[in-house]
Amino acid sequence: MKALIIEDEKPSARRLQRMLEKLEVEVISTLHSVDEATNWFLQNEHPELIFLDIQLSDGLSFEIFDNVEVKSAIIFTTAYDEYALKAFKLNSIDYLLKPIDDEELETALKKYNEKRISNSGNMDIKNLKSLLNLSEAEYKKRFTVQVGQHLKLINVEEISCFYSENKSTYIHTLDGRNYPVDTSLENLEKELNPDKFFRINRQAIVHVNAIKDIIAYTNSRLKLVLNSFNEFPLIVSRERVKEFKSWLS
3 MKALIIEDEK PSARRLQRML EKLEVEVIST LHSVDEATNW FLQNEHPELI
53 FLDIQLSDGL SFEIFDNVEV KSAIIFTTAY DEYALKAFKL NSIDYLLKPI
103 DDEELETALK KYNEKRISNS GNMDIKNLKS LLNLSEAEYK KRFTVQVGQH
153 LKLINVEEIS CFYSENKSTY IHTLDGRNYP VDTSLENLEK ELNPDKFFRI
203 NRQAIVHVNA IKDIIAYTNS RLKLVLNSFN EFPLIVSRER VKEFKSWLS
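One rule links them: number in my numbering = place in the sequence shown (from 1) + 2.
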């Protein structure tokens, strides 16, 4: 069996490839973006099976199918919650929830083989895309915070950054105020529009419009200056600098 992996997280792609090779699946290529995958499908014979992440570095993987008629069967690899998984089940789509488990991978391959034999493995991509409703409208537009006995709404356009300190998470607004929020930076990464927000390190997520200056810093890192933030230095970690520069452009 020949398979293609489309996954923007290279460590995840490498791990999945090793797992597949143990199950005697030949991985013919590993792709990391919508553009790369689209061009590949236009120039190569399509494989029997695709392992497809939903969110890629340059957009949603569904955009591939807007440009190319892909005839391969698909097993989705996803970090999305049960809402997405229900949609997969409704469409009889196989899926693997990250981090991928060896046993679940083997079961998914068995499901694929059963569908191939019964010719019932056709994927309705448009229907699935509609069910998932994965669009910019799904990203967080506002947050509710408590101020004394009152609740205050903060639109994302008012936010300079999110940061964590002393095991708590805070919103820092453009007018220099801090508000605690009952969530983690990990959850916020999934809820925020990645075109507008970037996680620069373990401690902070910044809004692109709040960046006033970018300064070269020690050990090939970058220091950011925001409109009013002075809780601690905002340093882009060395391993994220390349991705940060790409995000800016």
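Ideal placement from N, C-alpha and C gives every residue a C-beta, glycine not left out. Just so we're clear, the structure is a prediction, and the values are computed from it rather than from any experiment.
### Task
Quick one: residues in its chain with C-beta nearer than 8 angstroms to the C-beta of Val243, no 5 flanking neighbours on either side, listed in chain order?
The residue labelled residue 243 in the question sits at position 241 within the sequence shown. Result list for Val243: Ser222, Arg223 and Leu224, in chain order.
### Task
Determine the extent of the alpha helix (DSSP H) in which Ala15 is found, giving its start and end residues.
As a working note, residue 15 is residue 13 in the sequence shown. Note, Ala15: alpha helix (DSSP H), Lys12 to Lys24.
### Message
Tell me the DSSP secondary structure of Asn180 in three-state form.
### Response
Stepping through the sequence shown from its first residue, residue 180 is reached at position 178. Note: Asn180 maps to strand in three-state DSSP.
### Message
Please return the same chain residues whose Cβ sits closer than 8 angstroms to the Cβ of His34, not counting the five positions on each side in sequence.
### Response
Position 32 of the sequence shown, counted from the first residue, corresponds to residue 34. Spatial neighbours of His34 in its own chain (CB-CB distance under 8 angstroms, excluding positions within 5 residues in sequence) are listed in chain order as Ile8, Glu9, Asp10, Lys12, Ala15, Leu58 and Ser59.
### Touching by the beta-carbon criterion (3+ pairs, under 8 angstroms), the segment 15-26 and the segment 38-50
In short, these stretches do not touch, since the Cβ pair count stays below three.
#### Entry: Start and end residues, alpha helix (DSSP H) containing Ala39
As a working note, residue 39 is residue 37 in the sequence shown. Per DSSP, the continuous alpha helix (DSSP H) segment holding Ala39 begins and ends at Val36 to Gln45.
### Task
Give me the Cα-Cα distance between Lys117 and Pro101, rounded to the nearest whole angstrom.
Numbered from 1 along the sequence shown, position 115 holds the residue referred to as residue 117. Numbered from 1 along the sequence shown, position 99 holds the residue referred to as residue 101. Approximately 24 angstroms between the Cα atoms of the pair.
### Task
Tell whether a beta-carbon distance below 9 angstroms holds between Val238 and Ile207.
One-based indexing of the sequence shown puts residue 238 at position 236. One-based indexing of the sequence shown puts residue 207 at position 205. Cβ atoms of Val238 and Ile207: not closer than 9 angstroms.
### Task
Report the rounded CA-to-CA distance for Glu28 versus Thr185, giving the unit in angstroms.
Numbered from its first residue, the sequence shown carries residue 28 at position 26. Numbered from its first residue, the sequence shown carries residue 185 at position 183. A direct Cα-Cα distance of roughly 41 angstroms separates Glu28 from Thr185.
### Query
Among Tyr172, Ile77, Leu62 and Lys198, which one has its Cα closest to the Cα of Asn115?
Mapped onto the sequence shown, residue 115 falls at position 113. Comparing Cα-Cα distances from Asn115 to each of Tyr172, Ile77, Leu62 and Lys198, the minimum goes to Ile77.
### Message
Between the alpha carbons of Ile52 and Ala5, how many angstroms are there, rounded?
### Response
Locating residue 52 in the sequence shown gives position 50, where the first residue counts as 1. Locating residue 5 in the sequence shown gives position 3, where the first residue counts as 1. Straight-line Cα distance between these residues: approximately 6 angstroms.
### Query
With distances taken between CB atoms, is the gap from Asn195 to Val147 smaller than 9 angstroms?
What you label residue 195 is simply residue 193 of the sequence shown in a count that begins at 1. What you label residue 147 is simply residue 145 of the sequence shown in a count that begins at 1. In this structure, Asn195 keeps its C-beta atom at 9 angstroms or more from the C-beta atom of Val147.
### Own chain partners of Tyr165 with C-beta closer than 7 angstroms, once the 5 adjacent residues on each side are dropped
Here residue 165 is taken as the residue at index 163 of the sequence shown, counted from 1. The beta carbon of Tyr165 sits closer than 7 angstroms to those of Tyr172, His174, Gln205, Ala206 and Glu233, all from its chain and outside the five residues before and after it, given in chain order.
### Message
Spatial neighbours of Leu176 within its chain, please: C-beta separation below 6 angstroms, excluding the five flanking residues on both sides.
### Response
The count along the sequence shown starts at 1 and reaches residue 176 at position 174. Glu160, Ser162 and Asn229.
### Message
Assuming Glu193 and Lys142 are in contact, meaning their beta carbons sit under 8 angstroms apart, how far apart are those beta carbons, in whole angstroms?
### Response
On the sequence shown, position 191 is the one that residue 193 refers to. On the sequence shown, position 140 is the one that residue 142 refers to. With 8 angstroms as the limit, Glu193 and Lys142 qualify as a contact, their Cβ atoms being about 4 angstroms apart.
#### Entry: Boundaries (first-last residue) of the beta strand (DSSP E) holding Ser31
Reading the sequence shown from its first residue, position 29 is the one you call residue 31. Glu28 to Leu33 is the extent of the beta strand (DSSP E) around Ser31.
### Task
Could you give the DSSP three-state label for Thr220: helix, strand or coil?
Mapped onto the sequence shown, residue 220 falls at position 218. DSSP places Thr220 in the helix class (H, G or I) of the three-state scheme.
### Task
For the beta strand (DSSP E) containing Val147, list its first residue and its last residue.
Residue numbering aside, residue 147 sits at position 145 when the sequence shown is read from its first letter. Looking at the DSSP string, the run of the beta strand (DSSP E) that includes Val147 is Arg144 to Val149.
### Task
Kindly list the residues whose CB is nearer than 7 angstroms to the CB of Asp37, restricted to its own chain and excluding five residues on each side of it in sequence; keep chain order.
Locating residue 37 in the sequence shown gives position 35, counting from the first residue. Closer than 7 angstroms at the Cβ level, and outside the excluded window around Asp37, lie Asp60.
### Message
Taking the beta strand (DSSP E) that Glu279 belongs to, which residues open and close that run?
### Response
A question about residue 279 goes unanswered here, because the residues of the chain that appear run from 3 up to 251.
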